[in-house]
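Q:
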Amino acid sequence: MPRREPEHDLQAMVVQWWSYNHRKLSAPECLLFAIPNGGMRNRVVAAKLKAEGVRPGVPDMMLAMPREKYCGLFIEHKIKPNKPSEEQIEFIEHLSMQGYQVAVSYSYDETVKCISSYLSGELFK
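Residue numbers (my numbering): 21 to 145.
Set out below in structure tokens:
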């Protein structure tokens, strides 16, 4: 039986929504991207990724489009009842201090609403 990966499924649905709904933006495929920072890895792979700059606490996705006062949008996906770790909370604070909007999202609908609000400027009112 295949392993359930609800955060993966959520993120894949968001990318599919983005690709379909934002085709008119210039280079839409590359503006919303995943940051493959989590997951179980063996020691050798983990050491290589750490040497390449993988850091604990980094959110799952980034929308590399500045809006209003923000440099871009980072999104951390969680499936209830999971909550951000201490490392994630600390990283989110650092990103916010650097001028990024950061959201923690618990569902597909919440993520789509967050991205749409960010793009329209509604998050800033």
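Cβ atoms here follow ideal geometry from the backbone N, Cα and C, with glycine treated the same way.
Please classify Ser125: is it buried, with 16 or more other beta-carbons within 10 angstroms of its beta-carbon, or exposed?
A: By the neighbour-count rule (16 or more Cβ atoms within 10 Å), Ser125 is buried.
Q: Name the one or two DSSP bridge partners that Ala54 has.
A: Answer is Met81, bridged to Ala54.
Q: CB-CB under 8 angstroms to Arg54, same chain, minus the five flanking residues each way: which ones, in chain order?
A: According to the sequence displayed, residue 54 carries Ala and not Arg. Closer than 8 angstroms at the Cβ level, and outside the excluded window around Ala54, lie Gln31, Val35, Asp80 and Met81.
Q: State the DSSP-derived secondary structure class of Glu142, mapped to helix, strand or coil.
A: The answer is helix: DSSP assigns Glu142 an H, G or I state.
Q: In the DSSP assignment, what residue or residues form a beta bridge with Leu93?
A: DSSP output for Leu93 lists Leu83 and Gln121 as bridge partner(s).
Q: If Glu96 and Pro104 are in contact, beta carbons under 8 angstroms, what's the gap, nearest whole angstrom?
A: Right, the Cβ-Cβ distance comes to about 6 angstroms (below 8 angstroms), so this counts as a contact.
Q: When burial is assigned at 16 or more other CB atoms within 10 Å of the CB, is Gln13 buried or exposed?
A: Absent from the structure is residue 13, since the part of the chain shown begins at 21 and ends at 145.
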